[in-house]
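Be aware that the sequence shown starts at 0, since it is given in numbering that gives the first Met the number 0, and climbs by one per residue.
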Amino acid sequence: MQRNRLIALVILIAATAAVWIATHGEVDQANDPAFSTHWKCSKCDHTFELLPNERAEALKLKGSPPILCPACAGQFAYQVSGCPTCGTLYFGAEVPGASGFCPVCHPKKRQPDPEPEVPGEIRRPVANRN
Ligand SMILES: [Zn+2]
Ligand SMILES: [Zn+2]
């Protein structure tokens with residue numbers, strides 16, 4: 000019977016390991032502050048951090064991003080980047096009115112103007128007349 004007990008022990012260890020991986024694998028990362036993201040409200044300038052699971056939850060909101068700001072309760076918070084030079088948190092170019100550059104290091108830098116959209120104008124494909 001010694002052999003059966005050994006097999007049972009191996010199965011028990013494997014099952015324990017599988018449960019540990021299932022419960023500790025992704026869950027740990029979702030709650031790991033090292034993977035948290037910075038957010039800033041474009042209305043009240045409140046900045047806050049979200050853990051990966053909180054971020055995923057916030058982005059379930061209809062029309063997000065922006066997501067809800069915990070300070071003013073408005074849906075105006077966008078994810079911000081930290082400037083590698085001075086550490087300032089700033090909005091990406093996807094945020095209305097933001098340049099997408101660090102306002103401290105590049106106060107005058109702007110995104111190139113988007114091509115003006117003329118409603119009604121349809122660009123006709125160039126016909127290949129041969
Ligand atoms: Zn706010
Ligand atoms: Zn900077």
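Glycine included, C-beta positions come from ideal geometry on N, C-alpha and C.
Since we're looking at a predicted model, the values are computed, not measured.
query, result
"Where do the ends of the alpha helix (DSSP H) carrying E56 lie?", "51 to 57"
"Should A70 be counted as a contact of ligand 1 given a C-beta to heavy atom distance under 7 Å?", "yes"
"If you draw a straight line from the C-alpha of A76 to the C-alpha of K42, how long is it?", "8 Å"
"Return the residue from the list C101, I66, G86, P32 that minimises the CA-CA distance to A92.", "C101"
"Checking 8 Å against the spacing of the C-beta atoms, do L67 and Q78 come in under that value?", "no"
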